[in-house]
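First comes the structure, then the notes that go with it.
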Amino acid sequence: MINPAIFWKTTRDSASLLAATSLGMIGFVVLFVWAMLDMGEELMNFLSKFGFLKKMFEFSFGIDVSKEVSITVLLAVCFTHGVVLMLSWAVVIATTSRVTAGEIERGTADLLLTLPVKRSEVYVSTTLFWVLASLVLAACPLVGLWIGLHLMETKEVILISRFVKPAVNFFCLLLSIGGISSLVASCINRRGLAIATVVGLLLLSVVLNFVEPFISSFEKIRFLGLLNYFRPVDVVRLGAWPVTEMTVLLGLGIVCWAVGLVVFDRKDIPTA
Amino acid sequence: MSNAIIACRGLNKRYGDNDVLDSVDFEIAPNRLVGFLGPNGAGKTTTIRILLGLLKPTSGSSTIFGKACLQEGHSIRQQIGYLPGDVHFYPNLTGRRTLEFLANARRQDCHAEIARLAHLLDLELNKKVRKYSTGMRQKLGLIQALMHKPQLLILDEPTSALDPLVRKTLFDELHNVVREGRSVLFSSHSLGEVEELCDEVIILRSGQIVEQQNIDALKNRALRRVRVIYSSADNVPDEFPVQLNLLKRQGETVVGTWTGATQELIVWLGTQEIQDVMIEKPDLNDLFLTYYQERELA
Numbered sequence: 581m582i583n584p585a586i587f588w589k590t591t592r593d594s595a596s597l598l599a600a601t602s603l604g605m606i607g608f609v610v611l612f613v614w615a616m617l618d619m620g621e622e623l624m625n626f627l628s629k630f631g632f633l634k635k636m637f638e639f640s641f642g643i644d645v646s647k648e649v650s651i652t653v654l655l656a657v658c659f660t661h662g663v664v665l666m667l668s669w670a671v672v673i674a675t676t677s678r679v680t681a682g683e684i685e686r687g688t689a690d691l692l693l694t695l696p697v698k699r700s701e702v703y704v705s706t707t708l709f710w711v712l713a714s715l716v717l718a719a720c721p722l723v724g725l726w727i728g729l730h731l732m733e734t735k736e737v738i739l740i741s742r743f744v745k746p747a748v749n750f751f752c753l754l755l756s757i758g759g760i761s762s763l764v765a766s767c768i769n770r771r772g773l774a775i776a777t778v779v780g781l782l783l784l785s786v787v788l789n790f791v792e793p794f795i796s797s798f799e800k801i802r803f804l805g806l807l808n809y810f811r812p813v814d815v816v817r818l819g820a821w822p823v824t825e826m827t828v829l830l831g832l833g834i835v836c837w838a839v840g841l842v843v844f845d846r847k848d849i850p851t852a
Numbered sequence: 532m533s534n535a536i537i538a539c540r541g542l543n544k545r546y547g548d549n550d551v552l553d554s555v556d557f558e559i560a561p562n563r564l565v566g567f568l569g570p571n572g573a574g575k576t577t578t579i580r581i582l583l584g585l586l587k588p589t590s591g592s593s594t595i596f597g598k599a600c601l602q603e604g605h606s607i608r609q610q611i612g613y614l615p616g617d618v619h620f621y622p623n624l625t626g627r628r629t630l631e632f633l634a635n636a637r638r639q640d641c642h643a644e645i646a647r648l649a650h651l652l653d654l655e656l657n658k659k660v661r662k663y664s665t666g667m668r669q670k671l672g673l674i675q676a677l678m679h680k681p682q683l684l685i686l687d688e689p690t691s692a693l694d695p696l697v698r699k700t701l702f703d704e705l706h707n708v709v710r711e712g713r714s715v716l717f718s719s720h721s722l723g724e725v726e727e728l729c730d731e732v733i734i735l736r737s738g739q740i741v742e743q744q745n746i747d748a749l750k751n752r753a754l755r756r757v758r759v760i761y762s763s764a765d766n767v768p769d770e771f772p773v774q775l776n777l778l779k780r781q782g783e784t785v786v787g788t789w790t791g792a793t794q795e796l797i798v799w800l801g802t803q804e805i806q807d808v809m810i811e812k813p814d815l816n817d818l819f820l821t822y823y824q825e826r827e828l829a
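Line order of the protein sequences matches chains A and U. Under the working numbering, the very last position in the first sequence is 852; numbers go up by exactly one each time. Under the working numbering, the very last position in the second sequence is 829; numbers go up by exactly one each time.
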């Protein structure tokens, strides 16, 4: 099912992007740890003075700043920070759209798909790369936290193992986005349009999760937002595996990926 | 033709209300160099893409080596070399890396053949593809189509960016391919090119097969485009020989296609009061018009 040549080519094409993004994410999380350890308490006090900011922070990250917040819980915010989400999503979307929509748009699909290789082999070989890339990306905040906590002194004991569950949840989120992006890239022959569509869907999801607490009628469609199934602060606070959330994310990812495979297998490949 | 290399049966391809292919039927015997001739938009590329599994026909079926293209495309393509009409490569790979990637994806060792073909076509393989000229990309495309010594070569307008010298080298190589018992489907819109190279020709127009015949039979029709300029418009006769399919008559100029022996043409010209005459090979339009006129008469 896997064609090694296609897998290695996909890896070579995207390895530098993955490496640069991973280093960027780790570096950002190290800075985040430093900022939270140094100024976290002051930040909480500052935010608690402004009602609107307090509410925004609570809805965005699930933390009530007026209550006492442990530094461990505060550090879990790094998983949902915009920089971490945007960087990781960008890599997943770029790699999933590269082979299906990207090859068709570039015209190289004519060469690739007239090799004695099944289309499913092409799809699965590419999938293997982006699943591994998602694993690396999901581990980046964990690595950043570990480095940050080793470099700086903390008042309380912070166990890195507390962040494993949100990291796994984050991996499921990236797989879900990869599945959606694979489906979209199978349906659309222009890579730019495919990327824009996925980004649009994700932005809608983020906006939905963000405005839902302010607009009561949105509560009914809250389940449509992907970030509804990724709440690392709650996971760290409760210490339990978010089984339902991970199942939903994995299920969505697998279904979208499988439909994308069927679409790619059956579609007409136009000339570039 | 039970041992046909390629067989198409009632192949249709429709996009919306537009029939790109309309009941295309043909067979190609093994060990032949077959020209696939037609003007741009005739449906040559669509037919080829259906054979290769890139497109699915609206109806009809096609087989290569007796295997269904739709169901067994993956195993069929092991023995096919294909050059797309507008070939694109990965711009950041060198020519060599491109060929190595394609050979590895095929799970075949093509090193020796790559070296031979690169030398034959005089192509520098260590340059990045983005620095290649159009002609160099076409050569790279030819090498990737030939490097695994396929039983069937499908070339979609392969000479479009080649200089005459490389074109001749390619034609020699294609003759060698056929001598080795392999087959070639050579798509082109140039009648002269197909006449020069192929054993057989399939003519396609507006998604329909117009003709399939041996190239010798085509040549025996002695089809020539004739432009006769009479000394004055008054000398232009009202009737012409049956061998002359009249395409245009304007003032003292008469243009038509001559289907018959050249000797008969010269004899007829000798009886006319002409100022000038031009006899040349017909273009595709002349050929199609002649076919249609013949069909209407039939």
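Glycine included, every Cβ here is placed at the ideal spot set by N, Cα and C. These numbers come from a predicted model, not from an experiment.
To the nearest angstrom, how far is the alpha carbon of residue i from that of residue j?
{"i": "residue 771 of chain U", "j": "residue 761 of chain U", "result": "13 Å"}
{"i": "residue 856 of chain A", "j": "residue 586 of chain U", "result": "Since the displayed chain A opens at 581 and closes at 852, residue 856 of chain A lies outside it and no answer follows."}
{"i": "residue 681 of chain A", "j": "residue 780 of chain U", "result": "53 Å"}
{"i": "residue 782 of chain A", "j": "residue 770 of chain A", "result": "19 Å"}
{"i": "residue 773 of chain U", "j": "residue 556 of chain U", "result": "31 Å"}
{"i": "residue 599 of chain U", "j": "residue 730 of chain U", "result": "25 Å"}
{"i": "residue 636 of chain A", "j": "residue 787 of chain A", "result": "13 Å"}
{"i": "residue 783 of chain U", "j": "residue 808 of chain U", "result": "12 Å"}
{"i": "residue 741 of chain U", "j": "residue 755 of chain U", "result": "19 Å"}
{"i": "residue 708 of chain A", "j": "residue 756 of chain A", "result": "14 Å"}
{"i": "residue 796 of chain A", "j": "residue 806 of chain A", "result": "18 Å"}
{"i": "residue 786 of chain U", "j": "residue 812 of chain U", "result": "13 Å"}
{"i": "residue 599 of chain A", "j": "residue 592 of chain A", "result": "11 Å"}
{"i": "residue 569 of chain U", "j": "residue 847 of chain A", "result": "26 Å"}
{"i": "residue 766 of chain U", "j": "residue 821 of chain U", "result": "25 Å"}
{"i": "residue 665 of chain U", "j": "residue 582 of chain A", "result": "33 Å"}
{"i": "residue 653 of chain U", "j": "residue 690 of chain U", "result": "15 Å"}
{"i": "residue 707 of chain U", "j": "residue 788 of chain U", "result": "34 Å"}
{"i": "residue 638 of chain U", "j": "residue 845 of chain A", "result": "21 Å"}
{"i": "residue 659 of chain U", "j": "residue 591 of chain U", "result": "42 Å"}
Chain U beta carbons: is any one of them nearer than 8 Å to that of residue i?
{"i": "residue 586 of chain A", "result": "yes"}
{"i": "residue 600 of chain A", "result": "no"}
{"i": "residue 768 of chain A", "result": "no"}
{"i": "residue 772 of chain A", "result": "no"}
{"i": "residue 678 of chain A", "result": "no"}
{"i": "residue 687 of chain A", "result": "yes"}
{"i": "residue 570 of chain A", "result": "This structure cannot settle anything about residue 570 of chain A, because the visible part of chain A is limited to 581 through 852."}
{"i": "residue 845 of chain A", "result": "no"}
{"i": "residue 618 of chain A", "result": "no"}
{"i": "residue 852 of chain A", "result": "yes"}
{"i": "residue 582 of chain A", "result": "no"}
{"i": "residue 684 of chain A", "result": "no"}
{"i": "residue 740 of chain A", "result": "no"}
{"i": "residue 690 of chain A", "result": "yes"}
{"i": "residue 848 of chain A", "result": "yes"}
Any Cβ of chain A within less than 8 Å of the Cβ of residue i?
{"i": "residue 635 of chain U", "result": "yes"}
{"i": "residue 587 of chain U", "result": "yes"}
{"i": "residue 632 of chain U", "result": "yes"}
{"i": "residue 605 of chain U", "result": "yes"}
{"i": "residue 713 of chain U", "result": "no"}
{"i": "residue 602 of chain U", "result": "no"}
{"i": "residue 669 of chain U", "result": "no"}
{"i": "residue 608 of chain U", "result": "yes"}
At 9 Å on the CB atoms, spell out the chain D contacts of residue i, in chain order.
{"i": "residue 590 of chain A", "result": "Although the question refers to chain D, the structure presented lacks it and instead comprises the protein chains A and U."}
Residues, ordered as in the chain, of the stretch 612-629 of chain U that lie near chain A by beta-carbon distance below 7 Å: Within the stretch 612-629 of chain U, contact with chain A at the beta-carbon level (separation under 7 Å) is assigned to 613, 615, 617, 619, 620, 621.
Identify each residue in the stretch 692-726 of chain A for which the Cβ-Cβ distance to at least one residue of chain U is less than 8 Å, and report them in chain order. 692, 693, 694, 695, 696, 697, 698
List in chain order: all unbroken beta strand (DSSP E) runs of 3+ residues lying wholly within the stretch 748-781 of chain U. Within the stretch 748-781 of chain U, the complete beta strand (DSSP E) runs of at least 3 residues are 755-761, 775-781.
Is the stretch 557-570 of chain U touching the stretch 613-625 of chain U in the sense that three or more CB pairs, one from each, lie closer than 8 Å? The way I'd put it, the stretch 613-625 of chain U doesn't touch the stretch 557-570 of chain U; fewer than three beta-carbon pairs between them come closer than 8 Å.
Three or more C-beta pairs closer than 8 Å, one from the stretch 616-627 of chain A and one from the stretch 659-678 of chain A: is that the case here? no
Beta strand (DSSP E) runs wholly inside the stretch 677-754 of chain U, at least 3 long, in chain order: 683-687, 714-719, 731-736, 739-745
Please give the ranges of any alpha helix (DSSP H) in the stretch 589-674 of chain U, keeping only runs that are unbroken, at least 4 residues long and fully inside the region. 600-607, 626-637, 642-652
Extract the residue ranges of the alpha helix (DSSP H) inside the stretch 767-831 of chain A, only unbroken runs of 4 or more that lie entirely within it. Runs found: 771-791, 812-818.
At least 3 beta-carbon pairs within less than 8 Å: the stretch 731-738 of chain U vs the stretch 574-590 of chain U: yes
Please name the residues in the stretch 562-594 of chain U whose beta-carbon is closer than 8 Å to at least one beta-carbon of chain A, in chain order. 576, 580, 583, 584, 585, 586, 587
Name, going along the chain, the residues of the stretch 673-688 of chain U whose beta-carbon falls closer than 8 Å to a beta-carbon of chain A. 675
What alpha helix (DSSP H) runs, 4 residues minimum, are completely inside the stretch 673-736 of chain A? 689-692, 699-731
For the stretch 533-546 of chain U against the stretch 601-611 of chain U, are there 3 or more C-beta pairs whose distance is under 8 Å? no
Touch test, the stretch 746-765 of chain A against the stretch 798-815 of chain A, Cβ-Cβ under 8 Å, three pairs minimum: yes
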